[in-house]
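Heads up: the sequence shown is residues 4 to 891, going by this note's numbering.
For each residue, glycine too, the CB sits at the ideal point set by N, CA and C.
For clarity, every value in this text was computed on a predicted model and none was experimentally measured.
What follows is a set of notes on a single structure, which appears directly below.
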Amino acid sequence: MQGIKLQKAKMMFGINYLMLLLGLLCYASVFGQKDSSFKDNRIKKNQTTTHQDTMQIWKSKFFKLNITDYSPDGRWIAVKKWYDYNADTMMIMDANRSNATAGYLVKKSQLTFLKANVLLARGNSQTELWNLITHQRKIFENISKTDALQTVNQFVMLSKDKGLTVYDYHGTLLQSVPNVTNYITDGRQKVYAERRVGEWSEIILIENAKPQQGEKNFNYRKKNNNNNNNNNNNSNEKSKEPTVLFSTKNKIERFELSPSDKKLMITEKENTTDKRNLIFISSNAMANQTPLYPLGRDAQDTDFFKVTEIQDGEMYCIESQKYVKHKNNVEIWYGNDGALKDMEYGTVKRDYVVWYPKDHSIRRIPTDQFESIASFNNTRYFLAFNKAELQNYGSWIPDINMHLYDIKTGTFQQLDAIKPSLYSSKSGNWFIYQDLKNHWMLYNPNTQIKKRIGDFDLKTPVFSFDEKMIYFESENDLWEYHIESESLHSLHMGKNKKTEILNKKEMSLIDGLNFFQHRIANADFLLVKVTDLVNNEVSVVQWDGHTIRTVVSPRIANIKNIKYDADRKKFCFVEESFNMPAKVVVYNIRKGNEHPVFEDRRDQESIGMRQEMIHYKNTEGTPLKGILYYPIGFNHQKKYPMVVRVYQVQSDEATQYLTPGYNNPIGFDLRVLLKRDYFVLMPDIVFTKTGTGLSALDCVNEALDEVSKNQNIDMDKTALIGHSHGGYETNFIATHSDRFAAYISGAGNSDIIRSYFSYNYNFSSPFYWQFENGQYEMNIPFGENKELYVRNNPIYNVEKVNAPILLWAGKKDENIAWDQGMEFYVGLRRNKKEVIALFYPEKGHDLEPNTEERRDLHRRVLEWLDYFLKDKKEISWINKQIKKGFQQ
């Protein structure tokens, strides 16, 4: 045991040492002010400054937490630690005790808790079997795939040399099969594998694996050997030979289990053509069974089969997809084309067949009228529509002219023009959608009865387990609709409080649209997260149909990563706040108590951090909030500079724990700014009929007026910073304000009229939807109110910028065209304004995490702020612009 502890200690020392080395190698300086600028537009590596080592060591102490797994019995919790440089460390916590760490995993992110306190971990070409009680571990090398078989407490692995093996949770080898190229499992006890035998490919079934004679387990003491009646190492009983279910000389391209586990669905590709066929076989152990060909034995000219099981295998909807890439010498763009993205990706031709396995009959659904068909688990009716029919690009996702197809009569009937959101019950007897007037409509396809549900501002609907109720999340309480009585009422979980149902299940009905099957996961209760948007308090309550029970008391905190045990008697979550490091908490629903499982109290600095929620109104009288962070070590006798960060509503971020590093919002390291003696203001911005830019200017001015009452803020030393939409707001405010000493704008629009009339390759769409009905909230086309767009366009007032501005963009940005930054730079240059632009040739909208470019920007942002707000002028790359004739 001492050897194990020593080995564990060495491993943790190695991890920490490696992390420190990585930190020391990173060149970005936070404290240092010496210039380490580009030469020949290339980023230097390993650049350091006097205080860099200290800063990197400080940063390496911080991490965020994310719960990835909770054992079915509620005993163990897997928690990932997200450091600034890596996120490959996993802690395994004992949920019955506080700060009891069973151990750590590195570069193993796929976990499964087996019975008897055993953990199966996968990653980095390894599989690790770990007994969390005895602390014994067994590592298997050269592994490409691993899965657990929970019912029989076994696991299966596929090595890179194509050997498949089955082990029990003792680590005892039960079965091995060579020449396996792939496998799937039912997650319980069966393994289906593809095996090559000469020129043949076989689908084989492996189950009831037994210990091989002479095999010894690796980790259990004698008193534990009786924990599994099927694991007698001296047994002479041999594993059953795999059952061959199917064989072919063609290529097996794909095979999968149906959701009911009744059928195995195989896609076979002919060796001599590009044609494919779809084969169904029973998932049971019937050797050499007759395969079923729903589409006939002749291979199909298709690229992909998508199969939807209906009513646990009563019928199957088979969609054949054929991709057609345009190869013409000319692209023809039609003014009435609602599928412009096909210019980039080509078109998809779809055919639909419904197969009835009981009598082996099929029915084809015609596609001459409607190209898209979707099942919602009803045996008679299907959704039918043309996705591009109503696409005028006024919205990114188009409205849908929805029809129903009746497979019994072979006819279509129009349902409604709807918003692109639809939610169905599991039975397929109900679905609910919003019409174009935003009314929620409940529809029963079997009776063809349509009901309108209230005029309240209801959000996501979820069907109850028994489908008698529909629950609506909202910004104002949780609402319950009784389907039979057609009554709607609130559940009094909190007036003006946002609700979110935590124990709901979601299954997508069709790709690319918000069409889902939504239902409560269990029949006993609802678990609801309630957020007080005014006071930033959050709580969790339980609703059993009669009473509300508070299970997590109201607190000013961020609660996330909620996970349950198998019986849903316990749940765990991460709790944090801006001045409280993240901790892991377990709540016992039956006992009604909670206790912390993991707390890291080393960040004593955060306890003294100070935050103030300011309140103000825009000129239309809308109440708004802003977060004002105080410098760390604040002295009320001093004045401090301030950084203002803009986007939209930011006050909901007030409870997030602050960690320093490059993986914060790009170019904005809040914790470092506070440590470097800056106030930081994050004001809420809402848009009005005056337009996006003028609304942002109004909100920021009102927020500045409010914080100017604070005598410790030097209002003459204030900078504005924003990225993306915040970059646009920064550009606009810079052309209309004299309240800032410096600006930093990243990847933001500077010419919204040019952007309005552009084609956006990130969204595969003309971009005017973003202005009319998207983030800009202009709510009117340019042609109907040109003056509105002109008044809110930064480039038209570029000559009015009166403070130095740092611009940056990635030249591979397809979200906001990078040359929007270039356009603003040219305008500023032409008008002899103080500007420096940073363009990163190989990066996109956010420069990507953990890159040299992101670290470079991080350093330059801090140096820019220090230069103009703290008068630290010895920064050569800035002086090259500011001090004319300055020589490096």
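- Counting along the chain, the unbroken beta strand (DSSP E) around I321 starts and ends at 318 to 327.
- Under a 10 Å Cβ-count criterion, V793 is classified as exposed, with fewer than 16 other Cβ atoms of the shown protein chains found around its own Cβ.
- Collapsing the DSSP output to three states places Q714 in coil.
- K163 sits in coil when the DSSP states are folded into three classes, being neither helix nor strand.
- When the five nearest sequence neighbours on each side are left out, the beta carbons in the same chain lying within less than 7 Å of the beta carbon of Q324 are those of T305, D306, F307, K309, V351, R353, in order along the chain.
- In the pairwise beta carbon analysis, the segment 365 to 374 is classified as touching the segment 408 to 417: at least three pairs are separated by under 8 Å.
- Here G696 is near P797, since their CB atoms are less than 8 Å apart.
- By the C-beta density criterion, N134 is buried, having at least 16 other C-beta atoms within 10 angstroms.
- In this chain, the alpha helix (DSSP H) harbouring F774 covers 771 to 775.
- Contiguous alpha helix (DSSP H) elements confined to the segment 847 to 872 occur at 855 to 872, taking only those with 4 or more residues.
- Nearest to S250 by C-alpha distance, out of L298, R198, R300, is R198.
- In the three-state reduction of the DSSP assignment, N441 falls in the coil class, being assigned neither a helical nor a strand state.
- For the options Q823, V703, Q884, the alpha carbon positioned closest to that of S758 is the one of Q823.
- A direct Cα-to-Cα measurement between L860 and G813 gives close to 11 Å.
- Residue pairing from DSSP places H598 in a beta bridge opposite V589.
- A residue is called buried once 16 or more other Cβ atoms fall within 10 Å of its Cβ, and I142, having fewer, is exposed.
- When C-beta atoms of the segment 121 to 131 are compared with those of the segment 143 to 151, three or more pairs fall below 8 Å, so the two segments count as touching.
- For H618, there is no enclosing alpha helix (DSSP H); the residue is part of the beta strand (DSSP E) that begins and ends at 614 to 620.
- In the three-state reduction of the DSSP assignment, S63 falls in the coil class, being assigned neither a helical nor a strand state.
- F735 has its alpha-carbon roughly 42 Å from the corresponding atom of K507.
- Excluding five sequence positions before and after K252, the CB atoms of its chain that fall closer than 8 Å to its own CB belong to E202, W203, S204, N274, given in chain order.
- Between the segment 704 to 722 and the segment 651 to 670, the count of C-beta pairs closer than 8 Å stays below three; the two stretches do not touch.
- Taking 3 residues as the shortest admissible run, the segment 235 to 298 contains the following complete beta strand (DSSP E) segments, listed from N- to C-terminal end: 246 to 251, 254 to 260, 266 to 272, 279 to 285.
- Taking C-beta atoms under 8 Å as the contact rule, E256 and R279 qualify, at a distance of about 7 Å.
- The C-beta distance from C702 to V689 rounds to 7 Å, short enough to fall under 8 Å.
- Taking the C-beta atoms as reference points, Y619 is found no nearer than 8 Å to V683.
- Taking a cut-off of 8 Å for Cβ pairs, the segment 113 to 121 and the segment 155 to 167 touch, as three or more such pairs fall below it.
- Between R863 and L841, the C-beta gap is smaller than 8 Å, which places the two residues in contact.
- Taking each of E602, K789, N795, E790 in turn and checking the Cα distance to Y779, the smallest one comes out for N795.
- Positions of the beta strand (DSSP E) runs, each at least 3 residues long and wholly inside the segment 692 to 754, are given as 716 to 726, 745 to 749 in order along the chain.
- The DSSP assignment places complete beta strand (DSSP E) segments of no fewer than 3 residues inside the segment 339 to 382 at 350 to 359, 364 to 368, 375 to 377, in order along the chain.
- Straight-line spacing of the CA atoms in T382 and E470 works out to 17 Å.
- When the five nearest sequence neighbours on each side are left out, the beta carbons in the same chain lying within less than 6 Å of the beta carbon of A377 are those of L386, L512, I513, in order along the chain.
- Membership of L122 in the beta strand (DSSP E) is indicated by the continuous run 121 to 126.
- In the structure shown, F475 adopts extended strand secondary structure according to DSSP, grouped into three states.
- Of the candidates H406, F466, S424, L461, F466 places its Cα closest to the Cα of S430.
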